[in-house]
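This report concerns only the one structure given below.
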Amino acid sequence: AARLTEEKIISYEEEVYPSGQTKTSTIRDLTQEELGRLRSERTLVSEFKQMKLEKEAQKNWDLFYKRNSTNFFKDRHWTTREFEELKACREFESQKLVLLEAGCGVGNCIFPLLEDDLNIFVYACDFSPRAVEFVKKNPLYCPERCCAFQCDLTKDDLLENVREGSVDVVTLIFVLSAVHPDKMKLAVENIKKVLKPGGIILFRDYGLYDHAMLRFKSGSKLGENFYVRQDGTRSYFFSKEFLAKLFEEAGFESVSNEYVLRETVNKKEGLCVPRVFLQSKFTKTAHSQSS
Numbered sequence: 001a002a003r004l005t006e007e008k009i010i011s012y013e014e015e016v017y018p019s020g021q022t023k024t025s026t027i028r029d030l031t032q033e034e035l036g037r038l039r040s041e042r043t044l045v046s047e048f049k050q051m052k053l054e055k056e057a058q059k060n061w062d063l064f065y066k067r068n069s070t071n072f073f074k075d076r077h078w079t080t081r082e083f084e085e086l087k088a089c090r091e092f093e094s095q096k097l098v099l100l101e102a103g104c105g106v107g108n109c110i111f112p113l114l115e116d117d118l119n120i121f122v123y124a125c126d127f128s129p130r131a132v133e134f135v136k137k138n139p140l141y142c143p144e145r146c147c148a149f150q151c152d153l154t155k156d157d158l159l160e161n162v163r164e165g166s167v168d169v170v171t172l173i174f175v176l177s178a179v180h181p182d183k184m185k186l187a188v189e190n191i192k193k194v195l196k197p198g199g200i201i202l203f204r205d206y207g208l209y210d211h212a213m214l215r216f217k218s219g220s221k222l223g224e225n226f227y228v229r230q231d232g233t234r235s236y237f238f239s240k241e242f243l244a245k246l247f248e249e250a251g252f253e254s255v256s257n258e259y260v261l262r263e264t265v266n267k268k269e270g271l272c273v274p275r276v277f278l279q280s281k282f283t284k285t286a287h288s289q290s291s
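Rendered as structure tokens:
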């Protein structure tokens with residue numbers, strides 16, 4: 001049965017976007033208690049279990065959507081406010097914008113965009129077949145304006161569903177953190193193939209020292225800044241240096257790359273915790289060639 005746990009309040013609570021946030025280029029300072037907690041967690045999950053988690057990653061996300069249906073995340077109405085490129089990267093107002101939502105979930109980002117902007121076509125893909133089915137069953141889903149498909153970004157070629165160099169904007173919102181760090185470059189290079197030269201990637205995900213990272217219990221650590229939740233889904237916590245290197249090595253230029261600091265307050269549970277996200281923009285260089 002669903003219950004209001006700290007895991008729900010903290011680990012997955014990224015869709016709420018209130019005012020009162022700070023953007024900064026420096027990582028937040030940890031308390032002595034937090035530093036001690038991080039230093040004490042040295043034991044990694046066994047290699048056997050790590051291989052099992054990688055093998056069952058799709059199944060675990062499918063089970064997540066089976067349990068939560070479309071009710072877990074709130075619609076993300078903040079994207080056009082935070083990412084002006086969704087409005088401003090056109091030469092004229094009636095120009096159709098082609099967007100790829102990589103890791104679309106059940107459509108909490110794409111459907112507000114489709115409602116708000118009539119001159120947009122969205123490709124939407126997700127690791128979970130169940131999530132893609134939820135997208136297709138949404139009353140707002142229209143094949144003339146949206147194409148949803150299942151895709152593992154680390155191994156399924158996006159070109160099977162999206163024409164090469166045809167996408168203006170890619171959104172990567174709380175997606176790359178669920179990918180094993182060793183495979184992130186594969187996902188970024190896959191995305192690069194469908195993006196136009198000069199096209200932009202809009203990124204938002206968990207930042208280093210977010211409270212969700214600091215609250216993992218012993219036995220959850222998979223590697224540096226990489227953890228597994230109780231339900232088997234995994235999460236990586238990004239430093240801006242790691243992210244910049246990842247994209248630059250794949251042929252992108254950094255436009256912005258900042259930490260977003262804010263507090264999440266839950267009065268019922270008596271919680272007030274520091275959240276850290278990383279919000280970034282990268283452009284595909286004009287001379288960058290797809291592999």
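Residue numbers (the UniProt record's numbering): 1 to 291. Ideal placement from N, C-alpha and C gives every residue a C-beta, glycine not left out. Quick caveat: nothing in here was measured; it's all calculated off a predicted structure.
In the DSSP assignment, the alpha helix (DSSP H) including Gly36 goes from what residue to what residue? Counting from 1 along the sequence shown, the entry for residue 36 is found at position 36. Gln32 to Ser40 is the span of the alpha helix (DSSP H), which, as asked, contains Gly36.
Which residues in the same chain as Asn161 place their Cβ atom closer than 8 angstroms to its Cβ, once the five residues preceding and following it in sequence are excluded? Taking the first residue of the sequence shown as 1, we reach residue 161 at position 161. Result list for Asn161: Tyr123, Cys125, Cys147, Phe149 and Cys151, in chain order.
Taking the C-alpha atoms as reference points, what is the distance between Asn60 and Gly232? The residue labelled residue 60 in the question sits at position 60 within the sequence shown. The residue labelled residue 232 in the question sits at position 232 within the sequence shown. Going by the C-alpha atoms only, they are around 6 angstroms apart.
Can you tell me whether DSSP reads Pro143 as helix, strand or coil? Residue 143 sits at position 143 when you count from the first residue of the sequence shown. Coil, per DSSP.
Rounded to a whole number of angstroms, what is the C-alpha to C-alpha distance between Lys284 and Glu164? As a position in the sequence shown, residue 284 is number 284, starting the count at 1. As a position in the sequence shown, residue 164 is number 164, starting the count at 1. For Lys284 and Glu164, the distance between alpha carbons rounds to 13 angstroms.
Quick one, which of Val45, Asp205 and Tyr65 has its alpha-carbon nearest Leu176's? Residue 176 sits at position 176 when you count from the first residue of the sequence shown. When only C-alpha atoms are compared, the closest one is Asp205.
Determine the extent of the beta strand (DSSP E) in which residue 299 is found, giving its start and end residues. Lying outside 1 to 291, the shown extent of the chain, residue 299 is not represented and no answer is given.
Could you compute how far the alpha carbon of Ser220 sits from the alpha carbon of Thr31? Looking up residue 220 in the sequence shown gives position 220. Looking up residue 31 in the sequence shown gives position 31. For Ser220 and Thr31, the distance between alpha carbons rounds to 21 angstroms.
Within 10 angstroms of the Cβ of Thr171, are there 16 or more other Cβ atoms? Answer buried if so, exposed if not. Against the sequence shown, residue 171 aligns to sequence position 171. Counting Cβ neighbours within 10 Å, Thr171 comes out buried, since at least 16 surround it.
Residue nearest to Asp62 in terms of C-alpha spacing, selected from Leu38, Asp168 and Glu133: For the purposes of this step, residue 62 is identified with residue 62 of the sequence shown, where counting begins at 1. Closest option to Asp62, Cα to Cα, is Glu133.
In chain order, which continuous runs of the beta strand (DSSP E) of length 3 or greater are located wholly inside the stretch 228–260? 234–236
Separation of Ala250 from Lys185, as counted between CA atoms: Locating residue 185 in the sequence shown gives position 185, counting from the first residue. Locating residue 250 in the sequence shown gives position 250, counting from the first residue. If I take the Cα positions, the gap works out to 7 angstroms.
Rounded separation between Ser280 and Lys49 - CA only: Taking the first residue of the sequence shown as 1, we reach residue 280 at position 280. Taking the first residue of the sequence shown as 1, we reach residue 49 at position 49. Approximately 32 angstroms, taken between the alpha carbons.
Can you have a look at Lys155 and say buried or exposed, based on whether 16 or more other CB atoms are within 10 angstroms of its CB? Locating residue 155 in the sequence shown gives position 155, where the first residue counts as 1. Classification for Lys155: exposed.
With which residues is Ala280 paired in a DSSP beta bridge? Residue numbering aside, residue 280 sits at position 280 when the sequence shown is read from its first letter. Contrary to the premise, residue 280 reads as Ser rather than Ala in this sequence. Beta-bridge pairing links Ser280 to Phe203 and Asn257.
State buried or exposed for Val106, treating a residue as buried only when at least 16 other CB atoms are found within 10 Å of its CB. Residue 106 sits at position 106 when you count from the first residue of the sequence shown. Around the C-beta of Val106, 16 or more other C-beta atoms lie within 10 Å, and the residue is accordingly described as buried.
To the nearest angstrom, how far is it from the Cα of Asp29 to the Cα of Asn190? As a position in the sequence shown, residue 29 is number 29, starting the count at 1. As a position in the sequence shown, residue 190 is number 190, starting the count at 1. Distance between the alpha carbons of Asp29 and Asn190 is about 35 angstroms.
With a 10 Å radius around its C-beta and 16 neighbouring C-beta atoms as the bar for buried, classify Gly198 as buried or exposed. Locating residue 198 in the sequence shown gives position 198, counting from the first residue. Per the 10 Å Cβ criterion, exposed.
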